[in-house]
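Undergrad: Chains as they are written, first to last, in my numbering: chain G, 10 to 247; chain Z, 256 to 836. Glycine included, every Cβ here is placed at the ideal spot set by N, Cα and C. Mind having a look at this structure? Questions to follow.
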Amino acid sequence: MSSDDASDEGSEPHPEIPRNGMPGPSPDERPHPEGRRNAKGIRIDPEAEAEPEHRTAVVSALVEHEPGVLSRVSGLFSRRQFNIESLTVGPTTVEGHARITLVVEETDPGIDQVKKQLAKLKPVIQVGELDDDAVRAELVVLKVRGEEPDKVQAITEMYEGRTLDAGPRTITVQITGDQQKIDDAIDAFRQFGIIEIARTGQTALARGDTPTTPGEEPGHAKDTDEQSDEVKTGTYDD
Amino acid sequence: MSEHAPPKSDAADDAETDTGVETGAEAVVAALESAGAETLFGVQGGAIMPVYDALYDSDLQHVTMAHEQGAAHAADAYGVVSGEPGVCLATSGPGATNLVTGIADADMDSDAMVALTGQVPSHMVGSDAFQETDTTGVTAPITKHNYFAGDADTVGDTVGEAFALSAEGRPGPTLVDLPKDTTLAETDAEPGPAETPETYSVEEDPDDEQVEAAARAIERAEKPLLLFGGGVVKSDACKEARGFAMEHGIPVATTMPAIGSMPEDHELCLSWAGMHGTGYANMAITHTDCLIAVGTRFDDRLTGGVETFAPEAEVVHVDIDPAEISKNVHADYPVVGDAATAIERLDAEMDRSPQTREWRSQCRAWKDEYPLAYATPDDEPLKPQFVVEAFDEATDDDAVVTTGVGQHQMWAAQFWTYRSPRTWVSSHGLGTMGYGVPAAIGARIAADDDQQVVCFDGDGSFLMTMQEISVAVREDLDITVAVLNNRYIGMVRQWQDAFFDGRQMAADYDWCPEFDKLAEAFGAKGLRVDDYDEVADAVEEALEYDGPAVVDFHIDPAENVYPMVPSGGANGKFALSEDQL
Ligand SMILES: Cc1ncc(C[n+]2csc(CCOP(=O)(O)OP(=O)(O)O)c2C)c(N)n1
Numbered sequence: 010m011s012s013d014d015a016s017d018e019g020s021e022p023h024p025e026i027p028r029n030g031m032p033g034p035s036p037d038e039r040p041h042p043e044g045r046r047n048a049k050g051i052r053i054d055p056e057a058e059a060e061p062e063h064r065t066a067v068v069s070a071l072v073e074h075e076p077g078v079l080s081r082v083s084g085l086f087s088r089r090q091f092n093i094e095s096l097t098v099g100p101t102t103v104e105g106h107a108r109i110t111l112v113v114e115e116t117d118p119g120i121d122q123v124k125k126q127l128a129k130l131k132p133v134i135q136v137g138e139l140d141d142d143a144v145r146a147e148l149v150v151l152k153v154r155g156e157e158p159d160k161v162q163a164i165t166e167m168y169e170g171r172t173l174d175a176g177p178r179t180i181t182v183q184i185t186g187d188q189q190k191i192d193d194a195i196d197a198f199r200q201f202g203i204i205e206i207a208r209t210g211q212t213a214l215a216r217g218d219t220p221t222t223p224g225e226e227p228g229h230a231k232d233t234d235e236q237s238d239e240v241k242t243g244t245y246d247d
Numbered sequence: 256m257s258e259h260a261p262p263k264s265d266a267a268d269d270a271e272t273d274t275g276v277e278t279g280a281e282a283v284v285a286a287l288e289s290a291g292a293e294t295l296f297g298v299q300g301g302a303i304m305p306v307y308d309a310l311y312d313s314d315l316q317h318v319t320m321a322h323e324q325g326a327a328h329a330a331d332a333y334g335v336v337s338g339e340p341g342v343c344l345a346t347s348g349p350g351a352t353n354l355v356t357g358i359a360d361a362d363m364d365s366d367a368m369v370a371l372t373g374q375v376p377s378h379m380v381g382s383d384a385f386q387e388t389d390t391t392g393v394t395a396p397i398t399k400h401n402y403f404a405g406d407a408d409t410v411g412d413t414v415g416e417a418f419a420l421s422a423e424g425r426p427g428p429t430l431v432d433l434p435k436d437t438t439l440a441e442t443d444a445e446p447g448p449a450e451t452p453e454t455y456s457v458e459e460d461p462d463d464e465q466v467e468a469a470a471r472a473i474e475r476a477e478k479p480l481l482l483f484g485g486g487v488v489k490s491d492a493c494k495e496a497r498g499f500a501m502e503h504g505i506p507v508a509t510t511m512p513a514i515g516s517m518p519e520d521h522e523l524c525l526s527w528a529g530m531h532g533t534g535y536a537n538m539a540i541t542h543t544d545c546l547i548a549v550g551t552r553f554d555d556r557l558t559g560g561v562e563t564f565a566p567e568a569e570v571v572h573v574d575i576d577p578a579e580i581s582k583n584v585h586a587d588y589p590v591v592g593d594a595a596t597a598i599e600r601l602d603a604e605m606d607r608s609p610q611t612r613e614w615r616s617q618c619r620a621w622k623d624e625y626p627l628a629y630a631t632p633d634d635e636p637l638k639p640q641f642v643v644e645a646f647d648e649a650t651d652d653d654a655v656v657t658t659g660v661g662q663h664q665m666w667a668a669q670f671w672t673y674r675s676p677r678t679w680v681s682s683h684g685l686g687t688m689g690y691g692v693p694a695a696i697g698a699r700i701a702a703d704d705d706q707q708v709v710c711f712d713g714d715g716s717f718l719m720t721m722q723e724i725s726v727a728v729r730e731d732l733d734i735t736v737a738v739l740n741n742r743y744i745g746m747v748r749q750w751q752d753a754f755f756d757g758r759q760m761a762a763d764y765d766w767c768p769e770f771d772k773l774a775e776a777f778g779a780k781g782l783r784v785d786d787y788d789e790v791a792d793a794v795e796e797a798l799e800y801d802g803p804a805v806v807d808f809h810i811d812p813a814e815n816v817y818p819m820v821p822s823g824g825a826n827g828k829f830a831l832s833e834d835q836l
């Protein structure tokens, strides 16, 4: 078979084809548009520099309380390289449900992705982002040197904390509150020499009668004898 | 006992209850049957034996593969061609880990697939028992969802749910890990109908306001371009998508997974865009003012650098997965919903078509300026593109093509004219060498009897899974494998020449065995071609052979794939030869 047979109907013969190449104007000879997108794929003014800024968001996810759900959620975040500040988890009033509270530091499109990717996981029931006025709290347990017990006690009271353990060499206290308060308290305790710290990360609920995740319904924990000391649950209209 | 209780059983009733479920393994098989599975691909082993034992009495077709990776790829390709989830099976430990590549491949390409893996008995889980692997842990990031089935009474429903979930909304692979005590345990729990879980809700019907806004944007566009993604094929929306393009005179580019969604010989079709896509598709993407993307995730092999992607375009993005909206490229007009439904709604909402006469002639001009072409001098070694064209001419329009990964894959995509969806079966997102042969097996079983199946493979890719030829021989599957043998892992050599000063480290494959003889050793037909004038006869002989045939085409080892958008580059700046990179 001759080479001519290769180029019947459809593709015209191109005698000018360079070896290892194709016909047509080269990259510089082609017209190129002025437009540009930023790293997030958003069309922007080509003159202006516009990279999206990071912000902190609190995301709450209602999930089915089943084995593996936490590893699925944390795996999602590490795989997709999301910036997670903290992640807390615990059961809710509905049997079989748990709430995961995440603090993320991302750009707006990033936060949007966090919420959408979370919502895709099968055990995730609802995802919501909390407003700035949400009720948030964090707990820190701090162990400091015990040489100045009175001063430690004074600072603990100032931050409405509690002493959990006091000995001749160490004092351990607990402080709860929002992130700023905890940071300030830790700063204040530094003067005594902090030996160890354990922080929980933030957990949060929406303020007032707004559900924390959209459409979230308060549930009723099973009233069985074993669970008689269970917290009573109500509805938003109570 | 109530009045409505059945009468005391006699012999006939006993026979009937015998057909019911008695063990967890039987529940698994019953669930597959009632979900509509027909064919399973797998390999036996200790922890999965109870399930295989239950298959003994079932009408489900089981195809034993030579390697579990082959089982996963075959199931994947079976799903792509048939439109139903493919099913693969493996034992615990190495069986399960051998499936991993195929599961990851299906995940990246959003292919519906169900993987069933055996597991050590529950009480031994976590003890590093013989052939134990944390399969749900290993596969969590590469499955749509996976299950550890610890209860014989619910295992059937779990398998049904896995089957339904894999196909629902945006498809993807699901996995059920089956500890041996679950499958051996007695149960009479018949699985119910296969249903997706309540927490997985899909919005099929897009929002009115979204549709309206998108329709207005399309109407006023001067240079609109449709970009069909794999989602168009997966949601069987090709008819609606083509109709929309033709009715409104809008040119169409596709992504690689969407090859065949638009007939490539139609005047509006610009073929596929991206790294090795056509120059004209990439020019159209660069200059469009309104990109209507349907069912695509804007992979970087398509977009190049996002900064320069469709820089002038407002983007309408139709997708069933809300998480794809504005993930890589910001959508000015998001439309969340099923592709077919969304396109029909957009069409109904449009009061007029955009004025595209000039734009269409511009696209035609680009087609003339940048044709896919190659030189075929008589005194040079055989060109691979010529082989692809020869097969295309010798086969019917609905022939199915599968491929490995590398240069041959690109030539198979470029130089074959695809006209129908589900005729192009390839590994896109993961780019898995070795996909071609097992995929041809899965495709062959799913395709109609009169559809031909041709696998274009590279010498490197073929080496990775060619043991599956033995399966094609045993099952007497009529497939043709065309090895485009350049004695290199060619795509790597091409990059080394272009970006690593020609230092061809570990790219040389001149140590490959003679594939025609290997094929014969497996019991298949083996042919070898070195020159242009042998091509036509070999193609005919291989296609006519009733059973698996392997043709080892010794092609020009120096041939490279162009056009090429260098990674992270601008689509409109594709190189036409190495000196332009
Ligand atoms: C499993 C796997 N390993 C490695 C690679 C990296 N890779 C991409 S293309 C390629 C070369 C493929 O060679 P061959 O199959 O001979 O095809 P050719 O490019 O020569 O047509 C390699 C090694 C891959 N994609 N998949």
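Starting from the beta carbon of V584 (chain Z), find every residue of chain B whose beta carbon is closer than 9 Å, and list them in chain order.
TA: Any reference to chain B falls outside this structure, whose protein chains are G and Z.
Undergrad: Counting only the same chain and skipping the five closest in sequence on each side, list residues whose C-beta sits under 6 Å from that of D140 (chain G).
TA: Correct list: empty, nothing qualifies.
Undergrad: If contact is defined by three or more beta carbon pairs under 8 Å, each pair taking one atom from either stretch, is the region 796-807 of chain Z in contact with the region 506-520 of chain Z?
TA: As far as the Cβ criterion goes, the region 506-520 of chain Z does not touch the region 796-807 of chain Z, which means the pair count is below three.
Undergrad: Are there any heavy atoms of ligand 2 lying less than 7 Å away from the beta-carbon of N537 (chain Z), as far as the coordinates show?
TA: As presented, the structure is devoid of ligand 2, carrying ligand 1 as its sole ligands.
Undergrad: Is it right to say Q316 (chain Z) is buried, meaning 16 or more other beta carbons lie within 10 angstroms of its own, or is it exposed?
TA: Q316 (chain Z) should be labelled exposed.
Undergrad: Looking at the structure shown, is S822 (chain Z) part of a helix, part of a strand, or coil, going by DSSP?
TA: Correct three-state label for S822 (chain Z): coil.
Undergrad: Skipping 5 residues on each side, what residues in its chain have a beta carbon closer than 7 Å to that of L96 (chain G)?
TA: For L96 (chain G), where only same-chain residues beyond five positions count, the Cβ hits under 7 Å are S83, I109, L111 and G210.
Undergrad: Would you be able to state if there are at least three C-beta pairs under 8 Å between the region 778-795 of chain Z and the region 715-723 of chain Z?
TA: The region 715-723 of chain Z is not in contact with the region 778-795 of chain Z.
Undergrad: With a CB to CB cut of under 6 Å and the five nearest residues on each side skipped, what residues in its chain are close to V820 (chain Z)?
TA: So the qualifying residues of the chain are M530, G559, N826 and F829.
Undergrad: Quick one, which residues of the region 672-693 of chain Z are near chain G if we go by CB-CB under 9 Å, in chain order?
TA: Per Cβ criterion, the list reads T672.
Undergrad: Cβ of E562 (chain Z) less than 8 Å from any chain G Cβ?
TA: At least one chain G Cβ lies under 8 Å of E562 (chain Z).
Undergrad: Going by the beta-carbon positions, is the gap between V342 (chain Z) and A309 (chain Z) smaller than 8 Å?
TA: Not in contact: V342 (chain Z) and A309 (chain Z) (Cβ atoms no closer than 8 Å).
Undergrad: Spell out whether any CB of chain G is found under 8 Å from the CB atom of A830 (chain Z).
TA: Output row for A830 (chain Z): interface = yes.
Undergrad: For H400 (chain Z), write down the residues that DSSP places opposite it in a beta bridge.
TA: In DSSP, H400 (chain Z) forms a bridge with Z:T429.
Undergrad: In angstroms, rounded to a whole number, what distance separates the CA positions of R677 (chain Z) and A492 (chain Z)?
TA: Distance between the alpha carbons of R677 (chain Z) and A492 (chain Z): 12 Å.
Undergrad: Quick test of your reading: G534 (chain Z) and Y625 (chain Z), contact by CB under 8 Å. State the CB separation rounded to the nearest angstrom.
TA: G534 (chain Z) to Y625 (chain Z), Cβ: 3 Å. Contact.
Undergrad: Does any CB atom of chain G fall closer than 8 Å to the CB of P636 (chain Z)?
TA: With 8 Å as the cut-off, P636 (chain Z) does not count as an interface residue toward chain G.
Undergrad: In chain Z, which residues lie less than 7 Å from V133 (chain G) when you measure between Cβ atoms?
TA: By Cβ distance, chain Z contributes T454.
Undergrad: Counting only runs that start and end within the region 26-91 of chain G, where is the beta strand (DSSP E) found for 3 or more residues in a row?
TA: 64-73, all fully within the region 26-91 of chain G.
Undergrad: Let me confirm a value: E769 (chain Z) is counted as buried when at least 16 other C-beta atoms fall within 10 Å, else exposed. Which label applies?
TA: With fewer than 16 other Cβ atoms within 10 Å, it is exposed.
Undergrad: Drop a sphere of 10 angstroms on the beta-carbon of Y311 (chain Z), count the other beta-carbons inside from all chains shown, and report buried for 16 or more, exposed for fewer.
TA: Under this definition Y311 (chain Z) is an exposed residue.
Undergrad: Taking all protein chains shown into account, do 16 or more other C-beta atoms lie within 10 angstroms of the C-beta of E814 (chain Z), making it buried, or fewer, making it exposed?
TA: Buried.
Undergrad: Which same chain residues end up closer than 7 Å to M746 (chain Z) when comparing Cβ atoms and leaving out the 5 residues on each side of it in sequence?
TA: For M746 (chain Z), where only same-chain residues beyond five positions count, the Cβ hits under 7 Å are G661 and Q662.
Undergrad: Secondary structure at K582 (chain Z), three-state DSSP: helix, strand or coil?
TA: If DSSP states are grouped into helix, strand and coil, K582 (chain Z) belongs with coil.
Undergrad: CA-CA distance, P118 (chain G) and Q189 (chain G)?
TA: Taking the straight line from one Cα to the other gives about 26 Å.
Undergrad: Select from the region 528-542 of chain Z all residues with a C-beta closer than 9 Å to any C-beta belonging to chain G, and list them in chain order.
TA: Hits within the stretch, in order: G534, M538, T541 and H542.
Undergrad: Considering only the alpha carbon of each residue, which of Z:C767, Z:Q751 and Z:W766 lies closest to M760 (chain Z)?
TA: The shortest Cα separation from M760 (chain Z) among Z:C767, Z:Q751 and Z:W766 belongs to Z:Q751.
Undergrad: I'd like the list of long-range same chain contacts for L523 (chain Z), defined as Cβ closer than 6 Å, with 5 residues on each side in sequence excluded.
TA: Once the five neighbours on either side are set aside, the close Cβ partners of L523 (chain Z) are A500, P506 and V507.
Undergrad: In chain Z, which residues lie less than 8 Å from Q90 (chain G) when you measure between Cβ atoms?
TA: By Cβ distance, chain Z contributes nothing, its closest Cβ being about 13 Å from Q90 (chain G), past 8 Å.
Undergrad: Taking 7 Å as the limit between beta carbons, can you name the residues of its chain near E339 (chain Z), skipping five residues before and five after?
TA: Contacts found: G291.
Undergrad: Can you grab the Cα-Cα spacing for the pair A280 (chain Z) / D432 (chain Z), in whole Å?
TA: One C-alpha to the other measures close to 12 Å.
Undergrad: Just tell me which of Z:D463, Z:T563 and Z:T394 has its CA closest to the CA of L354 (chain Z).
TA: Selected option, being the one with the closest Cα: Z:T394.
Undergrad: Tell me the residue span of the beta strand (DSSP E) that contains S421 (chain Z).
TA: Unbroken run through S421 (chain Z) is the alpha helix (DSSP H), V410 to A422; no beta strand (DSSP E).
Undergrad: Could you give the DSSP three-state label for R171 (chain G): helix, strand or coil?
TA: Strand at R171 (chain G).
Undergrad: Show which residues of chain G have a CB atom less than 7 Å away from the CB atom of E567 (chain Z).
TA: By Cβ distance, chain G contributes P42 and G44.
Undergrad: In terms of alpha-carbon separation, which member of Z:G550, Z:D314, Z:A628 and Z:R471 lies closest to E579 (chain Z)?
TA: Of Z:G550, Z:D314, Z:A628 and Z:R471, the residue nearest in Cα terms is Z:G550.
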